[in-house]
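Visitor:
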Amino acid sequence: MDMDKFLSSIGQVSGDQALAHMGQDVGQRAQTIAVQAAKIERLEGFIRMLAEKHPDILPKEEVEKDDKGTKRN
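All the letters of the sequence shown, read from the start, carry residue numbers 208 to 280 under the working numbering.
As structure tokens, this is what we get:
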């Protein structure tokens with residue numbers, strides 16, 4: 208929601224109704240965030256499962272090498 212629209216809508220609502228309006232907006236945003244978090248968790252689980260079944264799809268760890276091309280500790 209655009210902040211200007213939000214502030215003007217609060218100005219149009221009086222007293223306790225303004226607080227209720229803000230509460231509804233916050234509740235909707237919290238619900239949206241919860242849904243997004245659940246989707247991310249499912250995606251992470253899917254990626255872990257894929258990585259276990261197909262370890263070759265993950266990028267190889269890069270090993271630091273010095274100027275001569277030998278591995279650093």
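Glycine residues also receive a C-beta, built at the ideal position from the N, C-alpha and C atoms.
Please go through the same chain and pick out, in chain order, the residues whose beta-carbon is closer than 6 Å to the beta-carbon of V242, but skip the five residues on each side of it.
Guide: none
Visitor: Going straight from the alpha carbon of K260 to that of E251, what length do you get?
Guide: 14 Å
Visitor: Measuring CB to CB, does L257 end up less than 8 Å from I264?
Guide: Contact annotation: L257 and I264 have beta-carbon atoms nearer than 8 Å.
Visitor: Suppose only complete runs of 4+ residues qualify. What are the alpha helix (DSSP H) ranges in the segment 223-269, listed by chain order?
Guide: 223-260
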